[in-house]
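Throughout, my numbering is defined as the position within the sequence shown, counted from one, plus 673. Okay, structure first, notes after.
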Amino acid sequence: MPPTSPSPGAPHSGGGTPESHAPRRTPNRRTVLGAAAVGAAAAGAAAPALLGLSAPASAAPARATPRDAKDLPGGGDLGPNVIVFDPQTPGIQAKLDEIFGQQESAQFGEGRYALLFKPGSYSGLNAQLGFYTSIAGLGLSPDDTTINGDVTVDAGWFDGNATQNFWRSAENLALVPVSGTDRWAVAQAAPFRRMHVRGGLNLSPDGYGWASGGYIADSRIDGEVGPYSQQQWYTRDSAVGGWQNAVWNMVFSGVEGAPAQSFPDPPYTTLETTPVSREKPFLYLDGDDYRVFLPEKRTDARGVSWGNGTPRGTSLPLSQFYVAKPDDTADTLNQALTQGLHLLLTPGVYHLDQPVQVERADTVVLGLGYATLVPQGGAAAMTVADVDGVRLAGFLIDAGPDNSETLLEVGPKGADADHSANPITVQDVFVRIGGAGPGKATTSIVVNSRHTIIDHTWVWRADHGDGVGWETNRADYGVVVNGDNVLATGLFVEHFNKYDVQWNGQQGRTIFFQNEKAYDAPNQDAIQNGDIKGYAAYKVGDAVTSHEAWGLGSYCNYTADDSIVQHHGFATPDTEGVTFHNLLVVSLGGKGQYECVINDTGSPTSGSDTVPSTVVDYP
């Protein structure tokens, strides 16, 4: 039988028992104390050893230099790092292997790739995904593009540890896994969206080593999902054939087949529906022409948004997008927006000396292959006006070496327009402070506009890589929400010098929050917050009278000084309209401790056993 409380190496089972227990390991970088289990995914069949380079359809002539052009052109080719395949393309496997060879361990490199598959059926493929690599089908439905094979994320590059398998994605494909089960052993910033797995899904690495959590949305997995050693996970508006176990924090909203609510034993948090959702925009082919589909908003959503005829929403031709390339300046991107074009950011790193300014309602900014925006001279990377329906999706913001006050501002200060009918959405937009080099930002994301939906973000002050240190990559706040009626679904925010999340708006809601406090705090004084020991991971402002959150976890791993004490993971005013459900705090191997879970409530963590302290409801 499973143990009566979570323990290292022994994840709970929702209706079954763990197959075996892994030996306890000392927690380190994003450690999860995982379970061993039997079985391993089979490798995909080998493909012909030919190099298959497939050019994007309908490549346009070279465009005029923007500074010399009266008007910037819409549409055009998608650039050299968008690789498009059709079922007749020779050497697909060889090309996939070539890109994986470049990207497998290039955690802080500049390579960026989007692998796009035209509708049809493909056989004998194993698409292994490394860093900054996205794979997607080009149909209106996932079932339009079927890979009889695997889309694989594993952790051989890191000795079987999947806790750094960041920045990669899979979208809009049907998979028929070779072994019956696909392997998707990812960590943060690795969405699995709009996928149909005609079989099972294994979320752990080969060998069932450490894995630290991820995100699934709008997907159908016909078989069972096996998280095994994943310490937390969020699944939204999907359908699963079963869910095998839980370690610390598994959260579901609007998921058919999800396990019943049972936190903390086993630690399942289950909401029948998602209050409001609008799926991420995606590129598809209409005959030979590219278009971008814009799914419609759903309320009280449950299950996938596709599968019964044409999906609900609207679409835009590529001719209405400025197809941006990494050598474009902020002036050029802003000129395109001023002309009334949307932005399609092709893969690469964009250096910006001023913010990209999104000022028109219903503007779409869609990134491919983890297009990365790097502000220079202390600028913001992007600002959004207080207008309806803006959709930001699929890109990474990297802080520059000069401190930016804010990296992404959604709505100006004091924004108060009602966007309930047509909200702004921020989806798969990720922020990094340091790691790829020195970077600083006082606040990563500020949300001022009402009714904004933040649907899957990882906001990360780096704890490893280049340019890392308590003051070197200083970043006080991760996400600050000032707007009312904001909803966050899948909020991952980590390692900030002060509050990771500060929520000042009224009637805010969060479904799933994952956090680690900054590893590198040099001593107790460095994190002291007045009379309070440490800044909470998630702080609700003192003036807030209405707020609700479900499925939240905060972990401490104070490696520079393991005597540091954090008073609590969560801080909130004590008022009837502010409620929290299913919270936990964990000390990773005794590297620092929590005195409470939320405010002054919840048992302290203790020792080095990495056992969560939980609170089911507060107050």
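Every residue, glycine too, gets a C-beta built ideally from N, C-alpha and C.
Can you tell which of the options has its C-alpha closest to the C-alpha of residue i?
i, options, result
"SER1219", "TYR1192, GLN1180, GLY810", "GLN1180"
"ASN821", "GLY793, GLN1012, ASP1089, ASP891", "GLY793"
"GLN1030", "ASN834, VAL1057, ARG951", "VAL1057"
"GLU1249", "TYR1267, ALA1216, ILE808", "ALA1216"
"PHE1169", "ALA884, GLY1163, ALA1135, ASN1196", "ALA1135"
"LYS1190", "GLY797, GLN1049, TRP1143", "TRP1143"
"THR646", "PRO1096, GLY1051, ASP1128, VAL928", "Look at the range of the chain in this structure, 674 to 1292, and you will see that residue 646 is not part of it."
"SER885", "LEU813, ASP1001, TRP906", "TRP906"
"THR942", "ASN1272, VAL1284, LYS1264, ASN1255", "ASN1255"
"LYS998", "VAL977, TRP979, HIS1024", "HIS1024"
"SER950", "GLY1062, VAL1154, ALA787", "GLY1062"
"GLY882", "ILE894, MET868, ALA860, MET923", "ALA860"
"VAL1293", "THR1125, ASP961, LEU1065", "Look at the range of the chain in this structure, 674 to 1292, and you will see that residue 1293 is not part of it."
"ASN1007", "GLU1032, SER992, GLN993, PRO1020", "GLU1032"
"GLY931", "PRO937, GLY1263, TRP916", "Residue identity differs from the one stated: residue 931 is Ala in this sequence, not Gly. With distances taken between Cα atoms, ALA931 lies closest to TRP916."
For residue i, count neighbouring C-beta atoms within 10 Å of its own C-beta (all shown protein chains included) and say buried if the count is 16 or more, exposed if not.
i, result
"LYS743", "exposed"
"PRO763", "exposed"
"LEU768", "Looking at the sequence itself, residue 768 is Lys, so the reference to Leu does not match. Buried: at least 16 other Cβ atoms inside 10 Å."
"PRO990", "exposed"
"ARG985", "exposed"
"ILE1205", "exposed"
"GLN1175", "buried"
"PRO1292", "exposed"
"PRO684", "Note on PRO684: pLDDT 29, under 50, position unreliable in the model; the coordinate value appears next. With 16 or more Cβ atoms within 10 Å of its Cβ, PRO684 is classed as buried."
"ASP1193", "buried"
"ASN1076", "exposed"
"VAL1289", "exposed"
"SER778", "exposed"
"PRO1096", "buried"
"LYS1113", "buried"
"GLN1239", "buried"
"GLN1012", "exposed"
"LYS1212", "buried"
"GLY712", "Per-residue confidence for GLY712 stands at a pLDDT of 29, beneath the threshold of 50, marking its modelled position as unreliable; the derived number appears in the next sentence. So GLY712 counts as exposed."
"GLN761", "exposed"
"GLU969", "exposed"
"SER1286", "buried"
"PRO1085", "exposed"
"ALA1094", "exposed"
"ASP1059", "buried"
"GLN837", "buried"
"THR987", "exposed"
"GLU1082", "buried"
"ASN1155", "buried"
"GLY1280", "exposed"
"GLN1201", "exposed"
"VAL924", "buried"
In the DSSP assignment, what are the bridge partners of residue i?
i, result
"GLY822", "LEU798"
"LYS970", "ARG951"
"TRP906", "GLY887, MET923"
"THR1287", "LEU1257"
"PRO1298", "Since the first and last residues shown for the chain are 674 and 1292, residue 1298 lies out of range."
"TRP1143", "In the DSSP output, where bridge partners are listed per residue, TRP1143 has none listed."
"GLU945", "DSSP lists no partner for GLU945."
"GLU929", "ALA912"
"ARG1134", "ILE1106"
"ALA787", "VAL755, SER807"
"ASP1157", "DSSP, once it has assigned bridges, lists no residue as partnering ASP1157."
"VAL1047", "HIS1024"
"GLY1040", "LEU1018"
"THR1245", "In the DSSP output, where bridge partners are listed per residue, THR1245 has none listed."
"THR1116", "THR1079, TYR1150"
"ASN875", "ARG856, GLY899"
"GLY748", "TYR995"
Beta carbon of residue i: closer than 7 Å to some heavy atom of the ligand NAD?
i, result
"ALA835", "The ligand NAD is not part of this structure, which contains no ligands at all."
Report the CB separation of residue i from residue j in whole angstroms; it is logged as a contact under 8 Å.
i, j, result
"ARG975", "ASP910", "7 Å"
"GLU844", "SER807", "7 Å"
"ASP891", "GLY872", "No, ASP891 and GLY872 are not in contact; Cβ-Cβ is about 18 Å, not under 8 Å."
"VAL977", "ARG893", "5 Å"
"GLY1242", "SER1227", "3 Å"
"ALA809", "TRP840", "Actually they do not touch by this definition, with Cβ atoms about 15 Å apart."
"ASP1173", "ASN1188", "5 Å"
Strictly under 8 Å for the Cβ-Cβ distance: is residue i near chain B by that measure?
i, result
"VAL1029", "In summary, chain B is missing from the structure at hand, where a single protein chain is found."
Runs of alpha helix (DSSP H) wholly within the region 1167-1239 (minimum 4 residues, chain order)
1197-1200
Which runs of the beta strand (DSSP E) fall wholly inside the region 1049-1090 and span at least 3 residues, in chain order?
1055-1057, 1064-1071, 1077-1083
If we require 3 or more residues per run, which beta strand (DSSP E) segments fall completely within the region 978-1033?
986-990, 994-997, 1015-1018, 1022-1025, 1029-1031
Report the start-end ranges of each alpha helix (DSSP H) in the region 800-872 that is 4 residues or longer and not cut off at the edges.
none
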